[in-house]
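One structure is given below, encoded as structure tokens.
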Amino acid sequence: MQPLSLALEWLTGGRRREVYVFDVDGVLIDAEDRLREALRRVGAGAASSPRDLGPRLRSRFWRVFLSEELLAYDRPREVGIRLLLDRLQRGRVIVLTGRPSRLRRATLAELERAGVPIEKVELVMRPPRDVRRDYVFKADVLRQLAGVAEVHDDEVEVLRAAGRIHPRARLYLHRGDGYALLNP
568 MQPLSLALEW LTGGRRREVY VFDVDGVLID AEDRLREALR RVGAGAASSP RDLGPRLRSR
628 FWRVFLSEEL LAYDRPREVG IRLLLDRLQR GRVIVLTGRP SRLRRATLAE LERAGVPIEK
688 VELVMRPPRD VRRDYVFKAD VLRQLAGVAE VHDDEVEVLR AAGRIHPRAR LYLHRGDGYA
748 LLNP
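First residue of the sequence shown? That's 568 in my numbering, and the numbers climb one at a time after it.
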């Protein structure tokens with residue numbers, strides 16, 4: 568059994584509880600204003616996404632976008648927060664983000680301001696020097712979890728990987744002010 572699964576079993580007194588996994592940016596937090604500001608600061612011109620940037624500019628963009636200073640541009644995503652609060656009544660909630668672990672304190676403070684009871688969720692963040700794609704990092708974490716009932720993310724690649732690892736899990740794609748169940 569993997570470390571996170573062991574911890575979950577210990578926390579639940581040996582009873583398996585369903586696990587609900589939520590991303591931060593694009594699910595619990597609206598980071599669109601931060602995205603636009605980071606693109607502006609790196610001089611990205613008409614680019615609307617980091618995918619539109621060349622490798623050097625994209626690297627600069629991620630440093631700026633993932634700075635503590637720019638978190639001030641974020642807003643709570645009410646639909647994601649409501650879903651998380653509901654799932655806390657049903658089982659264990661894990662917040663799995665591609666944000667680097669150096670933003671742990673700032674992320675916890677941001678989630679708390681958004682209404683997330685941070686003492687009731689487990690926050691899993693990207694370790695230092697981990698530059699893998701988001702879906703690769705998150706897939707590695709998801710492989711360590713048992714009993715995953717739902718995965719909430721704003722990236723299709725993450726949800727596809729989650730579906731391969733946990734075929735019974737419900738996969739929710741978050742966009743704008745809503746979400747869609749990918750596997751009804």
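Yeah, the Cβ is synthetic: ideal placement off N, Cα and C, and Gly gets one too.
Query	Result
Burial state of K687 (16 or more Cβ within 10 Å)	exposed
Cβ-based neighbour list, D759, same chain, cut-off 7 angstroms, excluding 5 preceding and 5 following	The question about residue 759 has no answer here: the residues shown for the chain are numbered 568 through 751.
Cβ separation of E717 and V588, assumed to be a contact under 8 angstroms, to the nearest whole Å	7 angstroms
Candidates R618, R699, I732: closest to Q711 by CA position	I732
Nearest-angstrom Cβ-Cβ length linking V683 and L663, presumed shorter than 8 angstroms	Not a contact, Cβ separation roughly 14 angstroms.
Distance between Y640 and D600 (C-alpha atoms, nearest Å)	6 angstroms
Span of the alpha helix (DSSP H) around Y702	701-710
Ordered list of alpha helix (DSSP H) runs contained in the stretch 584-626, each at least 4 residues	599-608
C-beta contact flag for L595 and I648 at 9 angstroms	yes
Residue(s) in a DSSP beta bridge with R825	For residue 825 there is no data in the structure shown, the boundaries of the chain being 568 and 751.
Best match in D597, F628, L749 for proximity to P734 [C-alpha to C-alpha]	L749
CB contact flag (L602, F632, <9 angstroms)	yes
Backbone secondary structure at D653 - three-state DSSP	helix
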